[in-house]
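Taking UniProt numbering, I'd label the letters of the sequence shown as residues 1 to 367. Cβ atoms here follow ideal geometry from the backbone N, Cα and C, with glycine treated the same way. What you are looking at is a predicted structure, and each value in this text was computed from that prediction instead of being measured. Notes to accompany the following structure.
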Amino acid sequence: IGWARSHYLSSVTCPSIKGDRLIIPRESLDLAIGRLKAQEASSRKSSEKIKILAKDEFERNFISAVVPPNEIGVKFDDIGALEDVKKTLDELVTLPMRRPELFSHGNLLRPCKGILLFGPPGTGKTLLAKALATEAGANFISITGSNLTSKWFGDAEKLTKALFSFASRLAPVIIFVDEVDSLLGARGGAFEHEATRRMRNEFMAAWDGLRSKENQRILILGATNRPFDLDDAVIRRLPRRIYVDLPDSQNRMKILKILLAKENLESDFRFDELANATEGYSGSDLKNLCIAAAYRPVHELLEEEKGGVSGTKISLRPLKLEDFVQAKAKVSPSVAFDATSMNELRKWNEQYGEGGSRSKSPFGFGS
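Encoded structure:
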């Protein structure tokens, strides 16, 4: 229905409305149905190919978690900030997966097998992971703890082995582990279950197998907002640790321009003022703010209709900066800049991250 509505509204200047409902012609509905059938056929073909690659019941558990690169629907251009992070990921992942022949000689030019994205919630870590798979032309497998656990003794290790064996046939592939600290957190806790410990050991053993097979285009990409809870052995297997911070004013303006690209804004809308007024907002917070602001013209129209003012054509006024000022009273930043968790993240980045002071310090010898 959304496709049919969009096609109809873009092809006419004065849409037909009966009562309070939009009348969509058959032509637009037929076009939308055709597009839906084409999409389903394409998706079915990809799904059938993936099913053939699964060799046993354990590998078949991961079929639904696989998303081909042409079905992800997110690219780097859709992310309105994080240019340095995108450039680093492009160099570490996209280039080796797109041009593997350039990385097949010598011992130094080897594809990276583990990358960690860490930072406060809502900064776009999951979005970056999906966009990276699209840019690299890689299949995308999103894994959580529930994918690798079972009520049956020994099945967790079998599922973990199946994940890596299935991924080897799907290559190039990115295995994305969201909230990686919950799956591969520090071992030895008082409440750690034996089955969880065995699963973690199996995961890291299989991960080491990837690192010994340089020709396999498989990447483990972890994301977390609590990197300090990770096991030391996991940190060692994630040699590139990239801090995804809250956006500054310039990056907030880029994000806002993408979020509001298709919205009806007043002609002199000041993006710079809005960006400066949203200090401490993450990308997710900015999206929620825009949604709250977009409801204000709707509420005004409904109030006018209650007052007896109505017409055959539904027309919402353009969004104004004042809408966002009012919405800001309802949508506040989800993370305080000086919160304890933010201070811990900055401290961990200084010690282990790519932007930390340790990574910037010179070698201990001179020329």
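Closest by CA to residue i, which one among the options?
i           : options            : result
residue 150 : 87, 196, 182       : 196
residue 327 : 291, 1, 133        : 291
residue 245 : 331, 301, 117, 5   : 117
residue 55  : 170, 129, 79       : 170
residue 99  : 275, 16, 216       : 216
residue 146 : 177, 5, 330, 253   : 177
residue 22  : 68, 5, 303         : 5
residue 53  : 279, 101, 112, 168 : 168
residue 113 : 237, 201, 143, 26  : 237
residue 218 : 296, 136, 259, 26  : 136
residue 338 : 83, 24, 120, 34    : 120
residue 208 : 193, 235, 293      : 235
residue 144 : 97, 30, 83, 200    : 200
residue 76  : 258, 33, 24        : 258
residue 91  : 106, 115, 107, 70  : 115
residue 89  : 329, 299, 252, 222 : 222
residue 184 : 148, 50, 97, 101   : 148
residue 288 : 51, 329, 166, 108  : 329
residue 49  : 31, 166, 105       : 166
Would residue i and residue j qualify as a contact pair, given that the criterion is a beta-carbon distance under 8 Å?
i           : j           : result
residue 81  : residue 247 : yes
residue 180 : residue 224 : yes
residue 267 : residue 334 : no
residue 132 : residue 93  : yes
residue 74  : residue 242 : no
residue 173 : residue 138 : yes
residue 198 : residue 157 : yes
residue 65  : residue 1   : no
residue 255 : residue 220 : no
residue 321 : residue 279 : no
residue 265 : residue 318 : yes
residue 124 : residue 79  : yes
residue 253 : residue 269 : no
Within its chain, find whatever has a CB closer than 8 Å to the CB of residue i; leave out the 5 residues flanking it on each side and keep chain order.
i           : result
residue 186 : 229, 230, 231, 232
residue 325 : 277
residue 210 : 113, 164, 216, 218, 220
residue 24  : 1, 4, 5, 8
residue 294 : 263, 319, 323
Using the DSSP secondary-structure output, state which residues sit across from residue i in a beta bridge.
i           : result
residue 178 : 223
residue 319 : 265
residue 168 : The partner list for residue 168 (beta bridge, DSSP) is empty, contrary to what the question assumes.
residue 18  : 21
residue 114 : 220
residue 141 : 66, 175
residue 185 : 230
residue 291 : Per DSSP, none; premise fails for residue 291.
residue 241 : 116
Apart from the five residues just before and just after residue i, which ones in its own chain have a Cβ nearer than 7 Å to its Cβ?
i           : result
residue 285 : 122, 331, 333, 334
residue 301 : 316
residue 260 : 290
residue 348 : 227, 228
residue 72  : 130, 133, 134, 140
residue 367 : Unreliable positioning characterises residue 367 in this predicted model, as indicated by a pLDDT of 41, which lies under 50. The coordinate reading is nonetheless provided below. So the list is empty, once near-sequence residues are dropped.
Note down, in chain order, each residue of its chain lying with its Cβ closer than 6 Å to the Cβ of residue i, except the 5 sequence neighbours on either side.
i           : result
residue 364 : The pLDDT assigned to residue 364 is 48, lower than 50, so where the model puts this residue is not dependable; a value taken from the coordinates is nonetheless given after this. Within the same chain, residue 364 has no close Cβ partners at all.
residue 249 : 275, 276
residue 341 : none
residue 296 : 323
residue 101 : none
residue 202 : 157, 160
residue 97  : 136, 138, 172, 217
residue 353 : 241, 243
Quick one: any contact between the stretch 57–70 and the stretch 152–169, if contact means 3 or more CB pairs under 8 Å? Yes, the stretch 57–70 touches the stretch 152–169.
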